[in-house]
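Chains as they are written, first to last, in our numbering: chain A, 1 to 144; chain B, 1 to 144; chain C, 1 to 80; chain D, 1 to 80.
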């Protein structure tokens, strides 16, 4: 069984199937995070957004982050998928799921992964606003 | 929209549907926890287990915990379902899902809920072991 | 002396061999009643790790009990 | 002087108006090259908030660059 699995994808993320891949008879705890596109950022009304990534670098860095989390928190398994392309309000842009023996490491490992992904992956987001304007977001303005 | 929803149930928990009930255009973050029945507890090989609850008290206390978390962490919504009856290895015994504007409160709120549920709900678990023995578990022996 | 109904759950039900019993008691509080039944039925869990509900509401061990109350004794919990 | 290919992403691609360009440069490090292109194309993001990859591997700003390298300039990221 592959313990880490990171992907950049154009397709909606099938969470129910990915959840199953994290299962193991020794795993008593599962924690997940989903980032949803929301209608407001930095005081502006968002209509939709586009994600762009450097696929090769993002994938190898994402995989590295999952392995760091597995080692550091003794996770059973960790998976994360990040969407690219055009997303609408409510769409799931990123999903992280981890399994562990106990809940402390599951929460801590999941949190570690999303925090690192946000800082280290070469992924960019352009927001399209209700007023017709659009703008590239960076990690100083993006709160989530 | 109902912001909190706690249930004790005999049925498998349909997470995909419950996840949808937490959605809101203002919610950018979703965190969830699942407790899975695992094959080992306190050094003993577990075959299956039975959960028993006092439904009325557990439901009202569970609802109270969700509302505490919503108030304390400014969550958009919080839901949790807890199984009772006979469960096999790998079954989901408890699920917690919360949505929030940002990821910090989502993680903290989700963690608060599962920590409190485990301490406050009148629910008991009898483990059935491979050696034919069985035992009631309490929160001193249960690590998760 | 008052009449109250004590209800037992999980390991308490197995130790007493019953789901409930009606007790004629001089206990004034839920804690007094617990001490009484714990002694009779040889409960091994300390009171402070157990919980009590009176008429389906969680209560403190120092809560008073009255004629006709239904007192639920919960052994240490293990949800999740 | 060496020939390297600079590639631009997101807001850098919009500012330069191109996905990549071949540069003849005296820059010895990725950081030197960034300063060169940032000045020419009026990038407003400070180097320390940007990232660089050389031949599809993330690198430090002090990494040396060689003839034929492909240098990827990443503006501040915003995944998640």
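Even glycine gets a Cβ: it sits at the ideal position worked out from N, Cα and C. Fair warning: this is a prediction, and the values are worked out from it, not measured in the lab.
Straight-line CA distance for residue i to residue j?
i: residue 141 (chain A); j: residue 79 (chain D); result: Reliability of the predicted coordinates at residue 141 (chain A) is poor, the pLDDT of 49 falling under 50, and no value is obtained from them.
i: residue 35 (chain A); j: residue 77 (chain A); result: 20 Å
i: residue 44 (chain C); j: residue 38 (chain C); result: 8 Å
i: residue 32 (chain A); j: residue 33 (chain C); result: 44 Å
i: residue 95 (chain A); j: residue 72 (chain D); result: 26 Å
i: residue 22 (chain D); j: residue 58 (chain D); result: 20 Å
i: residue 28 (chain B); j: residue 41 (chain A); result: 10 Å
i: residue 88 (chain B); j: residue 76 (chain D); result: 47 Å
i: residue 48 (chain C); j: residue 56 (chain C); result: 19 Å
i: residue 121 (chain A); j: residue 15 (chain D); result: 21 Å
i: residue 2 (chain D); j: residue 24 (chain D); result: 6 Å
i: residue 16 (chain B); j: residue 22 (chain B); result: 11 Å
i: residue 71 (chain A); j: residue 119 (chain A); result: 19 Å
i: residue 114 (chain B); j: residue 39 (chain A); result: 29 Å
i: residue 70 (chain D); j: residue 123 (chain A); result: 19 Å
i: residue 50 (chain B); j: residue 13 (chain A); result: 34 Å
i: residue 86 (chain A); j: residue 61 (chain A); result: 23 Å
i: residue 68 (chain C); j: residue 117 (chain B); result: 30 Å
i: residue 63 (chain B); j: residue 132 (chain B); result: 37 Å
i: residue 50 (chain D); j: residue 10 (chain A); result: 25 Å
i: residue 102 (chain A); j: residue 82 (chain A); result: 26 Å
i: residue 46 (chain D); j: residue 4 (chain D); result: 22 Å
i: residue 9 (chain D); j: residue 41 (chain D); result: 13 Å
i: residue 74 (chain D); j: residue 36 (chain D); result: 15 Å
i: residue 30 (chain A); j: residue 138 (chain A); result: 30 Å
i: residue 48 (chain A); j: residue 20 (chain B); result: 19 Å
i: residue 92 (chain B); j: residue 105 (chain B); result: 24 Å
With H, G and I counted as helix, E and B as strand and the rest as coil, what does DSSP make of residue i?
i: residue 11 (chain D); result: helix
i: residue 89 (chain B); result: coil
i: residue 22 (chain B); result: coil
i: residue 26 (chain C); result: coil
i: residue 107 (chain A); result: helix
i: residue 43 (chain D); result: coil
i: residue 120 (chain B); result: helix
i: residue 1 (chain A); result: Below a pLDDT of 50, predicted positions are generally treated as unreliable, and residue 1 (chain A), at 48, falls in that range; no measurement from the model is reported.
i: residue 83 (chain B); result: strand
i: residue 58 (chain A); result: helix
i: residue 56 (chain C); result: coil
i: residue 69 (chain B); result: helix
i: residue 35 (chain B); result: strand
i: residue 113 (chain A); result: helix
i: residue 75 (chain A); result: coil
i: residue 50 (chain A); result: strand
i: residue 21 (chain C); result: strand
i: residue 8 (chain A); result: strand
So does residue i have its beta carbon nearer than 6 Å to some heavy atom of the ligand HEM?
i: residue 27 (chain A); result: Although the ligand HEM was asked about, the structure shown includes no ligands whatsoever.
Assuming contact is defined by CB atoms lying nearer than 7 Å, are residue i and residue j in contact in what I supplied?
i: residue 84 (chain A); j: residue 8 (chain A); result: yes
i: residue 69 (chain A); j: residue 109 (chain A); result: yes
i: residue 11 (chain D); j: residue 136 (chain A); result: yes
i: residue 18 (chain A); j: residue 79 (chain A); result: yes
i: residue 67 (chain B); j: residue 134 (chain B); result: no
i: residue 44 (chain B); j: residue 129 (chain B); result: yes
Find the residues of chain A that neighbour residue i, judging by a C-beta separation of less than 7 Å, and give them in chain order.
i: residue 34 (chain B); result: 30
i: residue 43 (chain D); result: Here the premise fails: no neighbours, minimum Cβ distance about 12 Å.
i: residue 51 (chain D); result: 122
i: residue 25 (chain B); result: 38, 39, 89, 90
i: residue 111 (chain B); result: 107
Using a C-beta to C-beta distance shorter than 9 Å, which residues of chain A count as neighbours of residue i?
i: residue 56 (chain D); result: 54, 56, 57, 60
Note down, in chain order, every chain C residue with its Cβ under 7 Å from the Cβ of residue i.
i: residue 87 (chain B); result: What residue 87 (chain B) touches in chain C: nothing, since even the nearest Cβ is about 12 Å away.
i: residue 121 (chain B); result: 77, 79
Assuming residue i and residue j make a contact with CB atoms under 8 Å, what is their CB distance in whole Å?
i: residue 107 (chain A); j: residue 107 (chain B); result: 7 Å
i: residue 63 (chain C); j: residue 29 (chain C); result: 6 Å
i: residue 90 (chain A); j: residue 25 (chain B); result: 7 Å
i: residue 100 (chain B); j: residue 73 (chain B); result: 7 Å
i: residue 127 (chain B); j: residue 46 (chain B); result: 5 Å
i: residue 20 (chain D); j: residue 7 (chain D); result: 4 Å
i: residue 31 (chain C); j: residue 61 (chain C); result: 4 Å
In chain D, what lies closer than 9 Å to residue i by C-beta?
i: residue 124 (chain A); result: 9, 10, 11, 74, 75, 76, 77, 78, 79
i: residue 82 (chain A); result: 79, 80
Find the residues of chain D that neighbour residue i, judging by a C-beta separation of less than 8 Å, and give them in chain order.
i: residue 66 (chain A); result: By Cβ distance, chain D contributes nothing, its closest Cβ being about 14 Å from residue 66 (chain A), past 8 Å.
i: residue 137 (chain A); result: 78
Give the residues of chain B in contact with residue i, contact being defined as C-beta atoms less than 7 Å apart.
i: residue 132 (chain A); result: Neighbours of residue 132 (chain A) on chain B: none; closest Cβ ~19 Å, over 7 Å.
i: residue 16 (chain A); result: 16
Which chain D residues are close to residue i, counting only those with a beta carbon under 7 Å from its beta carbon?
i: residue 118 (chain A); result: 79, 80
Name, please, each residue of chain C whose Cβ falls closer than 8 Å to the Cβ of residue i.
i: residue 5 (chain B); result: Under the 8 Å cutoff, chain C gives no residues; its nearest Cβ is about 17 Å from residue 5 (chain B).
i: residue 94 (chain B); result: 79, 80
i: residue 114 (chain B); result: 80
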